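Quick note: to get this note's numbering, add 615 to the position in the sequence shown (first position is 1). The beta-carbon is built from N, C-alpha and C at its ideal position, and this holds for glycine as well. Since we're looking at a predicted model, the values are computed, not measured. To start, the structure itself, in structure tokens.
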Amino acid sequence: MTGPVRRFRALPLRSRLALLVATAVAVAVAAVAVACWFVTREQLEGQLDDSLRSAKLDTDQTNSLLNACLAGRKLPDQPFPSQYTVQLVAADGTYCPAPDSTPIPVQRDDVAVAAGQQRETLHTTENEDGKEMRVYTRKLPVVGAGAAGNQLAISVARPMSEIDSPLSTLAWVLALVGGIGVIGAGAAGLWVARSGLRPVDELTEAVEHVARTEDLTVRIPVEGEDEIARLSRSFNSMTASLATSRDRQAQLIADAGHELRTPLTSLRTNVELLARSDETGRAIPPDDRRALMSSVKAQMTELAALIGDLQELARPDAAQPGPLQVVALHDITRAALRRARLRGPELTITEDLAPWYVRAEPAALERAIVNVLDNAVKFSPSHGTIDVVLHRGRLTVRDHGPGIPADELPHVFERFWRSPSARQLPGSGLGLSIVARTVQQSGGDIALTPAEGGGTEAVINLPGAPQPPPA
């Protein structure tokens, strides 16, 4: 059984569909043909039995046959109707056929009818020539024949060939029609399979083209709302997503290369100056050397921060985020504020933090809040003020710096985007992208809006509760 199933599965899909359709039609046709044949046979046998029961035999011929059989003499040539075979049956099992009739062996039911034990009987048997006959036997009521006459029955028979021949013809007709139907169904199934699977062929060609050329611009025409249309629509959506992802990846690599080139170029220039000084023996003035070393350290710090931001930003593309756990947002914000005060000791940072517990990755959430505070510190004027408020999951960081123009607000969360006015300041342009990703992973949202009176207000909303959940 495994071999045929394996060979069947090895066939092309359209061949399997055509074969299944042809098989289903063949089974249906065979069932209908067999049912039709049996119903027709029952009808023909019923008609034959009715004709035997209603057979009208000439009384004089019947009496002549009876007298001749009783007297043991030959019956004169007074034949019964040609379609019937007639014979008399006695209660002792003897029988007397009519002239020109092939004798039919007597059955037990025939004797029972002659003896008066049954009223009639109907059965199928063979005559002495081996011809199959349908026999009907009934009591022979003969008046004036004496006791012997009352122990007789008459059998009337007709050949079964009268119905076997039409049934045989019907069987051949049904077989021929069924065969034509199966062949036609197979051809129709193959045509339907080819027509129905044409979109699948197009999809296969498109997938093979993408695998061969890595061309993600391929799109499949979508027609209708059936399963094939859904599959085509899903494929188009997948290729579009892959193309977008690849474009973003290429853009990330290009932007990262561009951002890395600036500190690397500056670092290389400063290192070459130091190396040339050592090679030529011309010492750099102490103040210039200190400034040069400070610049090298700053560039290395900037380069390390940029690489760290790139790794952090690329982490969701390579792995799932860390496990979320219930953390105290007010405590994390307080820890971030301590770091921010170290970076801007001349600034005044006020805080109003109400308890709030959220589900987040603690390290990533603290890094995101630190990035928001760093932006506020970076753009705040000297001796300025930064206000930090946390109330019912709404964390607001408001600075009093120059603010962000309205036309630049839609771009602040894009990778490597930096405001033209901030390009001279340290930074990679990745901080707010990391903040947005972290907040979204925690189920919240972030927005930057101009603040009243100048400056920028960063608002982070995180779902949670003022009390930690029970253990």
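Inter-residue CB distance, residue i and residue j (contact presumed, cutoff 8 Å)
| i | j | result |
| --- | --- | --- |
| D1014 | S995 | 5 Å |
| I769 | V701 | 7 Å |
| P970 | P1078 | Contact flag wrong, Cβ pair sits at about 15 Å. |
| V992 | L962 | 6 Å |
| T1064 | L1005 | The Cβ separation is near 17 Å, so there is no contact. |
| T655 | L785 | 6 Å |
| A648 | G793 | 5 Å |
| Q766 | A730 | 7 Å |
CA-to-CA distance, residue j to residue i, given in whole angstroms
| i | j | result |
| --- | --- | --- |
| A906 | L888 | 12 Å |
| R883 | V911 | 9 Å |
| E823 | D816 | 10 Å |
| M853 | L812 | 21 Å |
| E842 | T828 | 27 Å |
| A918 | D862 | According to the sequence as given, residue 918 is Leu; it is not Ala. Cα-Cα distance, rounded: 25 Å. |
| R845 | I835 | 11 Å |
| G761 | G745 | Bear in mind that a pLDDT of 46 at G761, under 50, signals an unreliable position, so the number given afterwards is only what the model happens to contain. Looking at the two C-alpha atoms, the distance is approximately 35 Å. |
| T677 | A706 | 18 Å |
| A772 | T717 | 11 Å |
| I899 | S881 | 18 Å |
| A855 | A951 | 40 Å |
| I984 | S909 | 28 Å |
| V1027 | T1071 | 12 Å |
| A943 | E981 | 11 Å |
| T895 | V886 | 14 Å |
| R954 | D903 | 31 Å |
| L789 | E657 | 17 Å |
| A633 | I795 | 15 Å |
| R668 | N742 | 19 Å |
| A802 | V642 | 16 Å |
| L672 | P714 | 14 Å |
| D665 | L659 | 10 Å |
| W787 | S810 | 34 Å |
| G1068 | Q914 | 35 Å |
| P781 | E820 | 56 Å |
| H945 | I868 | 36 Å |
| A808 | S783 | 37 Å |
| R1007 | A865 | 40 Å |
| Q650 | L791 | In the sequence as presented, Gln is not what sits at residue 650; that position holds Ala. A650 and L791: Cα-Cα distance of roughly 16 Å. |
| E840 | A826 | 27 Å |
Close Cβ partners of residue i (< 8 Å) along its chain, the five nearest in sequence each way excluded
| i | result |
| --- | --- |
| T965 | T1000, I1001, D1002, V1003 |
| L601 | Since the first residue of the chain shown is 616 and the last is 1086, residue 601 is not available in this structure. |
| P938 | E976 |
| V728 | V704, R734, E735, T736, T752, R753, K754, A768 |
| R956 | L962, I964 |
Proximity test, residue i beta-carbon vs the ligand ADP heavy atom, cut-off 6 Å
| i | result |
| --- | --- |
| Q864 | The model depicted lacks the ligand ADP and carries no ligand whatsoever. |
Residue i classed as buried or exposed, judged by whether at least 16 other C-beta atoms fall within 10 angstroms
| i | result |
| --- | --- |
| G759 | Since pLDDT at G759 reaches only 46, below the 50 mark, its modelled position is unreliable, and the value read off the structure follows with that caveat. G759 comes out exposed. |
| V797 | buried |
| D1088 | Only positions 616 to 1086 of the chain appear in this structure, which leaves residue 1088 out of reach. |
| V1054 | buried |
| M748 | buried |
| M775 | buried |
| T739 | exposed |
| P1025 | exposed |
| F850 | buried |
| G1018 | buried |
| S1048 | buried |
| I922 | exposed |
| S1057 | buried |
| P814 | buried |
| L879 | exposed |
| P1051 | Note on residue identity: the sequence assigns Ala, not Pro, to residue 1051. Buried, because 16 or more other Cβ atoms sit within 10 Å of the Cβ of A1051. |
| A1073 | buried |
Cβ neighbours of residue i in the same chain (closer than 7 Å, five flanking residues each side left out)
| i | result |
| --- | --- |
| V721 | V704, G708, Y710 |
| G1059 | I1075, N1076, L1077, P1078 |
| T832 | A858 |
| V941 | Y972, R974, P1083, P1084 |
| I719 | T700, Q702, T740, N742, M748, V750, S770, A772 |
| V640 | G796, V797, A800 |
| S997 | E961 |
C-beta neighbour in chain C for residue i, strict 7 Å
| i | result |
| --- | --- |
| A1062 | Looking at the structure shown, chain C is missing, and only one protein chain is on hand. |
Close-in-space but distant-in-sequence residues of the same chain around residue i (CB under 6 Å, 5 per side omitted)
| i | result |
| --- | --- |
| A979 | T1053 |
| G1100 | Look at the range of the chain in this structure, 616 to 1086, and you will see that residue 1100 is not part of it. |
| P712 | Q702, P718 |
| V837 | A844, S847, R848 |
| S860 | none |
| V644 | G793, G796 |
| A1066 | R1013, E1072 |
Task: 4-residue-minimum alpha helix (DSSP H) runs that sit fully inside the stretch 708–791, ordered along the chain - done: 723–729, 761–764
Task: Ordered list of alpha helix (DSSP H) runs contained in the stretch 988–1034, each at least 4 residues - done: none
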